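Worksheet: the structure to be examined is printed underneath.
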Amino acid sequence: MATAYDIAMKQERPEEGGSAPVVAVENLQKSFGTNKVLNGINLSVNRGETLAVLGRSGTGKSVLLRLIIGLEKPDSGSVRIHGQNIANLALDRMGEIRKKMGFLFQHAALYDSLTIAENVAFPFEHHRRDMSRSERGGRVKQLLAEVGIEGDLGKMPSDISGGMQKRVGLARALALEPEILLLDEPTAGLDPIGSGEIDDLILKLQRERQMASIVVTHDLHSAKTISNRLALLDQGNVVIEGKFEDLQQSDIGLVKEFLKQS
Amino acid sequence: MSDRGHPVVAGINPPLPMQRTVPIPSVVDSVGRLANGFFEWFGSLGIFSWKVLRAAVTPPYEWRELIRQLDEVGSKSLPLVALAGAAIGVVISLEARYSLSRFGAKSMFPATLVYSVIQVMGPIITGLIVSGRVGAGIGAELASMKVTEQIDAIEASAVNPYRLLAATRILACILMLPLLTLATDACGLLTGWFAQSLVEPLSFHQFIESGFRGATFNAFLPPTFKTAVYGLIIGLIACFQGMRTRGGAEGVGRAATNSVVLASLFVILADVVLVKFILVVFP
């Protein structure tokens, strides 16, 4: 049976079967008071592709992700998911689209009153009510194993390390088998070994699931490892977009500075 | 030295020290800002209430969370309201006996205690106790979830936070307040009778029979069920304050404080309106 999401997608998808981007951001603008955060940016991501969004703190990288998942409304411009503009969708309609998206927050944003296993089971409890308790438990174990967590399922989020929290957050984001994965600073605050492990994990998931991913990061090494394309944001604008080699060959001062400092 | 008395460096006469002029806001500005904040707060509360109402009446329903909240609001507040009820029972008993004795109306003691506890003190004391305990709890919990992006995570998981977090808590407050009021009333009557019987022996049966003689349901049901409105006020304000929090730990503290203060204030204001309403509708 077709879900509301499928019907909406069928109605709105302009190039069914073609190479329409899964996520397309067009002339996106966002301000908070007098502070203009995004100044009309354009970006797109296709299925199986990972776009890394780089930039200094406060350049609107995280706001871009929040706009894509509908946690913020744009001032102007559009965010298209499979061709459908999500800017003015009602909360419940937006919910249907969000089921196809996974979001890893910068600080994981695990529910602190739930155990690790309950955190991962949260999307199943609300969207797969037909699942039996044992099925749900099995799926939770499988997801946690996929991100490298075998035990400690009954621990609370406050009892595990930052790296572990990110892994649990990632398992929760993957629970509904999303087509789009949004990662906000997945390696921030982790030691180099932990960062490398998270990078390997993201690469493995990308290979297996072929999602359209957008990764916001400061970490150039991580961005280079996990992404197909990179975009550098500055003062609400995309300064450059392309492969890592394109950034290396760029004459733009800010790009050179960013590569040097990273 | 310059003619202004400041040292001259390389022939440049240094400027006079800047005089800081602190703008003094006019009374009109202050009143304007206050009025603006007042209407903005009520406007936001109206939008929030509409979102919660719409989420509450449309499926899927969050039964499990509602049951959890019924326990949180109801059974965990019970000892507190029972203790408060017991205390006011004793206080009213002591005060009433003294006052009634002065007017030679000691026989009116049971009815005075019953009416004072059930119609006046029980509902408002329960409302204020729950405002403090539950209002602060909900305000702080939701504010903490807001600043740590847990509410955003719920929304990003395609779950409506107005349904899961707000509607369940508000409904739990509405359902539990009348039941908690009954507990307050029962404890108040029991301790009131006990305090009286220590001074002047009176059987509990006699006390109840005399206290409720000639009473109708209209005298007791509306004051008890009006506390559902207190529940609505407490739940709504605490959820609203919690879910609109900004800032870190300071924001959480502010949300908890504002939840308690505003919920208590609105409960008292609502009591004024409801008492008049009950007197008119249930004479």
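So the sequence lines, in the order shown, correspond to chains A and B. Using my numbering, read the first sequence as starting at 1 and increasing by one per residue. Using my numbering, read the second sequence as starting at 263 and increasing by one per residue. In this text, a Cβ means the ideal position worked out from N, Cα and C, and glycines have one as well. As the structure is a prediction and not an experimental result, all values here were calculated from the model.
Bridge partners of residue i, per DSSP?
| i | result |
| --- | --- |
| B:V376 | Its beta-bridge partners do not exist; DSSP assigns none. |
| A:M277 | No statement about residue 277 of chain A is possible, as the shown extent of chain A runs from 1 to 262 and does not include it. |
| A:F263 | Nothing can be reported for residue 263 of chain A: it is not among the residues displayed for chain A, which extend from 1 to 262. |
| A:R229 | A:L51 |
| A:L43 | A:V25 |
| A:N237 | A:D234 |
| A:I214 | A:L51 and A:L182 |
| A:G242 | A:L230 |
Among the residues of its own chain, which have a CB less than 7 angstroms from the CB of residue i, if the five just before and after it don't count?
| i | result |
| --- | --- |
| B:D485 | The question names Asp, but residue 485 of chain B is Pro in the sequence shown. If we look at B:P485 and ignore the five residues flanking it on each side, its Cβ neighbours are I380, Q381, P385 and I540. |
| B:R425 | A317, A318 and E324 |
| A:Q261 | none |
| B:R431 | Q331, I400, G497 and C501 |
| A:S158 | D112 |
| B:K368 | L362 |
| A:A165 | The residue you asked about is not Ala; residue 165 of chain A is Gln in the sequence shown. Closer than 7 angstroms at Cβ, skipping near neighbours: A108, L110 and P157. |
| A:V63 | K30, V37, L38 and E72 |
| B:K408 | G504, M505 and T507 |
Keeping to the same chain, check which residues put their C-beta closer than 6 angstroms to that of residue i; ignore five residues upstream and five downstream.
| i | result |
| --- | --- |
| B:D533 | I386 |
| B:G401 | A500, Q503, G504, A517, A518 and S521 |
| A:A171 | V120, L143, L144 and V147 |
| A:L205 | none |
| B:L390 | S526 |
| A:A117 | V140 and L153 |
| B:G493 | C435, I436 and L439 |
Between residue i and residue j, what straight-line distance do the alpha-carbon atoms span, to the nearest angstrom?
| i | j | result |
| --- | --- | --- |
| A:I41 | B:A318 | 37 angstroms |
| A:Q249 | A:T50 | 21 angstroms |
| A:G148 | A:P186 | 15 angstroms |
| A:K141 | A:P178 | 18 angstroms |
| A:R167 | B:R326 | 27 angstroms |
| B:V461 | B:G366 | 17 angstroms |
| B:R364 | B:E334 | 45 angstroms |
| B:L527 | B:R395 | 15 angstroms |
| B:L375 | B:E417 | 50 angstroms |
| B:M438 | B:V535 | 21 angstroms |
| A:V94 | A:F103 | For clarity, residue 94 of chain A is Met in the given sequence; the question names Val instead. Taking the straight line joining both Cα atoms gives about 14 angstroms. |
| B:I470 | B:A434 | 31 angstroms |
| B:L531 | A:N85 | 46 angstroms |
| A:A108 | B:Q412 | 9 angstroms |
| B:S292 | B:L307 | 22 angstroms |
| A:E125 | A:G151 | 21 angstroms |
| A:L182 | A:I202 | 11 angstroms |
| B:L427 | B:V514 | 16 angstroms |
| B:I309 | B:A429 | 14 angstroms |
| B:E512 | B:L452 | 43 angstroms |
| A:H221 | A:E197 | 13 angstroms |
| B:Q468 | B:L340 | 28 angstroms |
| A:N237 | A:S76 | 14 angstroms |
| B:G336 | B:L442 | 7 angstroms |
| A:L230 | A:F244 | 7 angstroms |
| B:A346 | B:L464 | 23 angstroms |
Closer than 9 angstroms, CB to CB, is residue i near chain B or not?
| i | result |
| --- | --- |
| A:K36 | no |
| A:G95 | yes |
| A:I69 | yes |
| A:L176 | yes |
| A:D92 | yes |
| A:A121 | no |
| A:R209 | no |
| A:R167 | no |
| A:A171 | no |
| A:Q106 | yes |
| A:K99 | yes |
| A:F273 | Chain A is shown from 1 up to 262; residue 273 of chain A falls before or after that span and cannot be answered. |
| A:D219 | no |
Using 9 angstroms as the limit for Cβ to Cβ distance, is residue i near chain A?
| i | result |
| --- | --- |
| B:K313 | yes |
| B:D414 | yes |
| B:S419 | yes |
| B:E411 | yes |
| B:T320 | yes |
| B:A317 | yes |
Can you list, in chain order, the residues of its chain whose CB lies under 8 angstroms from that of residue i, leaving out five sequence neighbours each side?
| i | result |
| --- | --- |
| A:V22 | V45, N46, R47, I81, H82, E179, I180 and A212 |
| A:A188 | Q106, T217, H218 and D219 |
| A:N88 | K73 |
| A:K100 | Y5, I81, L176, P178, E179 and I180 |
| A:L233 | I41, V53, L54, G55, T59, G60, K61, L64 and V239 |
Which runs of the alpha helix (DSSP H) at least 4 residues long sit entirely within the segment 453-492 of chain B? Give them in chain order. Entirely contained in the segment 453-492 of chain B, the alpha helix (DSSP H) runs reaching 4 residues are, in chain order, 466-473 and 479-487.
Hey, which unbroken runs of the alpha helix (DSSP H) at 4 residues or more fall wholly within the segment 395-464 of chain B? Segments of the alpha helix (DSSP H) lying fully in the segment 395-464 of chain B: 398-409, 412-418 and 430-461.
Start-end ranges of the beta strand (DSSP E) lying completely within the segment 63-126 of chain A, minimum 3 residues: Entirely contained in the segment 63-126 of chain A, the beta strand (DSSP E) runs reaching 3 residues are, in chain order, 76-81 and 101-104.
Inside the segment 118-175 of chain A only - alpha helix (DSSP H) runs reaching at least 4 residues: The segment 118-175 of chain A contains these whole alpha helix (DSSP H) runs: 133-146 and 162-174.
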